[in-house]
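Counted from 1, the sequence shown has number 78 at position 76 by our numbering; the numbering is strictly sequential. Beta carbons: idealized from backbone N, C-alpha and C, even for Gly. Structure first, commentary second.
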Amino acid sequence: MYSKNKLSIVNGLCAGVLVWIILLISDYIDETVLDKGFFIGLIIYMIVPVILVCCYIYNYIAYKPDRKKLLAWFGGYSAAFLVSGVIVFILVNNGLLIKQKYRGDGIYLNGMEYMFYGVPAIVVFGMLCIVFHLIYFKIKKHRNSGL
3 MYSKNKLSIV NGLCAGVLVW IILLISDYID ETVLDKGFFI GLIIYMIVPV ILVCCYIYNY
63 IAYKPDRKKL LAWFGGYSAA FLVSGVIVFI LVNNGLLIKQ KYRGDGIYLN GMEYMFYGVP
123 AIVVFGMLCI VFHLIYFKIK KHRNSGL
């Protein structure tokens, strides 16, 4: 039992770090390849939580993890996501990861989007998971009642 919860934590940690790697790659493409301030990054920032929720729903339905495993995974994910977010924010703002270019028009966040993304992304992901569970249990209850 302990090792399965530990594996859930490790999976959550990996997912949290993987999300930041995806976000960094999209920002790198924006800044260097496309030479735009916030194009692919904006799309990826919106899509990643939705993809995570879809993966969460699939894994929940396919494997039926218990509450401890879910909480272990979400705790590992949240910890890795928030800690990685702080590290990424510091590195980007010091110019160590992605050199941010100054553009006077449109959205000019210059790496500050990393600071604003971490907590709202966790909250949105958590809320979408809660909505899923409410709908799932309502449907399950409806099916079990025979109506």
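Give the single residue among Ser-86, Ile-132, Leu-9 and Val-126 whose Cα lies nearest to the Cα of Leu-25.
It is Ser-86.
Would Met-3 be called buried (16 or more neighbouring beta carbons within 10 Å of its own) or exposed?
Low local confidence applies: a pLDDT of 45 at Met-3 is under 50, so the model's placement there is unreliable, and no value is given.
Whole alpha helix (DSSP H) runs in the segment 33 to 106 with 4 or more residues, listed along the chain?
Taking 4 residues as the shortest admissible run, the segment 33 to 106 contains the following complete alpha helix (DSSP H) segments, listed from N- to C-terminal end: 42 to 65 and 69 to 95.
Do you know offhand how far Val-90's Cα is from Trp-22's?
8 Å
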